[in-house]
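Here the structure comes first, spelled out in structure tokens, and everything after it is commentary.
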Ligand SMILES: C[S@@+](CC[C@H](N)C(=O)[O-])C[C@H]1O[C@@H](n2cnc3c(N)ncnc32)[C@H](O)[C@@H]1O
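Numbering (this note's numbering), first residue to last: 22 to 298.
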């Protein structure tokens, strides 16, 4: 199996749509008449969920005339949020076919199918012409990508001059062994954690200038502690939540990341870069 097939295999979930429908119905909601807030607990697959998207996107200066690319869009929650909140046209690309299929269905259910197009493919080989996008962003995807130099070059190629590339990834900020499983990988074979300085070097080599960097360790800690409380509550986990994407060992994955964040080994980091010309 190729590395990309292994990654798709890790995320694949053939009964996801059924689980989401069931979760919505348990809350008395009709799938064909839902809002982005109804599905945010499951379609924002990154540390901090919707709040992390709000915080990250506030730095990307979107406006309604923009064509935006979401690299590794997953189910497309962030893409739908950008389309609804800022009026942008958003294209998402992701390796995992199940996520693309379910994501396009969720765009229809939320009435955003004309603004959000999700397509299956690799961030390392983008099926877009040079200079197609005003803004590109990527949330919790680089942890699966060993070829970050190529990723940065592809993003640079398809971005317009003066365009911004925003990254919100879990990065290595200290020394120590990685505890597996984690939400993005079961073993080190498909995990590609790197330091913020390494990301900056790849971006710089591709031609980007660095605009800003922000570490979000304590935000991550609060998020995982809250998630653990919900999963351990007497009522059990909520009908819709990231545990549905992370599988039967969701608790172990979340607890491993929390302990590495507490140790100062990992943290989610936001990095914003500019394609000057
Ligand atoms: C943790 S999920 C994040 C999904 C989404 N960005 C979000 O924040 O909700 C990571 C996603 O990256 C995708 N991915 C990993 N490597 C990729 C690649 N080379 N090209 C495109 N997508 C990739 C996976 O399929 C998965 O959907």
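All C-beta atoms in this analysis are idealised placements derived from N, C-alpha and C, irrespective of residue type, glycine included.
Going by beta-carbon coordinates alone, are residue i and residue j separated by less than 8 Å?
| i | j | result |
| --- | --- | --- |
| residue 141 | residue 112 | no |
| residue 192 | residue 288 | yes |
| residue 161 | residue 66 | yes |
| residue 214 | residue 294 | no |
| residue 238 | residue 282 | yes |
| residue 204 | residue 62 | no |
| residue 96 | residue 261 | no |
| residue 172 | residue 102 | no |
| residue 266 | residue 34 | yes |
| residue 206 | residue 165 | yes |
| residue 93 | residue 59 | no |
Considering only residues of the same chain and omitting the five flanking positions on each side of residue i, which have a CB-CB separation below 7 Å?
| i | result |
| --- | --- |
| residue 240 | 69 |
| residue 16 | No information on residue 16 is available, as it lies outside the stretch 22 to 298 that the chain covers here. |
| residue 269 | none |
Excluding sequence positions up to five away, which residues of its chain have a Cβ less than 6 Å from the Cβ of residue i?
| i | result |
| --- | --- |
| residue 90 | 112, 154 and 157 |
| residue 279 | 245 |
| residue 88 | 110, 154 and 155 |
| residue 297 | 230 |
Use the C-beta contact count for residue i: other C-beta atoms within 10 angstroms, 16 or more gives buried, fewer gives exposed.
| i | result |
| --- | --- |
| residue 151 | exposed |
| residue 216 | exposed |
| residue 247 | exposed |
| residue 49 | exposed |
| residue 47 | exposed |
| residue 284 | exposed |
| residue 124 | buried |
Can you list, in chain order, the residues of its chain with a C-beta nearer than 8 Å to that of residue i? Leave out the 5 residues immediately preceding and following it.
| i | result |
| --- | --- |
| residue 175 | 144, 145, 146 and 147 |
| residue 232 | 185, 293, 294 and 295 |
Tell me the start and end of each unbroken beta strand (DSSP E) in the stretch 213-287 that is at least 3 residues and wholly inside, in chain order. 230-236
For the 8 Å Cβ check, are there 3 or more pairs between the stretch 80-95 and the stretch 43-54? Segment contact: the stretch 80-95 against the stretch 43-54, fewer than three CB-CB distances shorter than 8 Å; contact not assigned.
Start-end ranges of the alpha helix (DSSP H) lying completely within the stretch 114-192, minimum 4 residues: Listed in chain order, they are 118-130 and 169-179.
Counting pairs of beta carbons, one from the stretch 181-197 and one from the stretch 124-143, are three or more of them closer than 8 Å? no
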